[in-house]
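The next block holds one structure in the form of structure tokens; read it before the comments.
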Amino acid sequence: MFTFIITFILLSPIYLFLILQLKYPEDTTLWGERWMYSEDPEFSEEGIKYIKIRSMIGLAILTLFYLIWFLKVL
29 MFTFIITFIL
39 LSPIYLFLIL
49 QLKYPEDTTL
59 WGERWMYSED
69 PEFSEEGIKY
79 IKIRSMIGLA
89 ILTLFYLIWF
99 LKVL
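Residues 29 to 102 (my numbering) are what the sequence shown spells out, left to right.
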């Protein structure tokens, strides 16, 4: 049970980042790299769609991981 709690604490920031990336794809893509651009770059619709799909897939995989881990621990 202890390992489940530690895993939950360590993976929660990743889960929250994926949720933010789904909601605000332009802002999270530039996170940590905004200093490289003098102006905000424009993202294409395909790029935004790719970012959202990637974050949905990551959320699904992480949720499945949590469920499998939780059922295995119980």
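Beta carbons: idealized from backbone N, C-alpha and C, even for Gly. In this text, all values refer to a predicted model and were calculated from it rather than measured experimentally.
Problem set entry | Expected contact under 8 Å - CB spacing of Phe120 and Phe32 to nearest Å | Because the chain here runs from 29 to 102, residue 120 falls outside it and cannot be looked at.
Exercise. How should Leu46 be labelled, buried or exposed, when 16 other C-beta atoms within 10 angstroms of its C-beta is the threshold for buried?
Worked result: With 16 or more other Cβ atoms within 10 Å, it is buried.
Problem set entry | Contact under 8 Å by Cβ, Leu50 with Ser72 | Cβ distance not < 8 Å, so Leu50 and Ser72 don't count as in contact.
For this session: Could you tell me the boundaries of the alpha helix (DSSP H) in which Tyr43 lies?
Result: Phe30 to Lys51
Problem set entry | For Phe93, the first and last residue of its enclosing alpha helix (DSSP H) | Glu73 to Val101
Problem set entry | Exposure label - Pro41; buried when at least 16 CB within 10 Å | exposed
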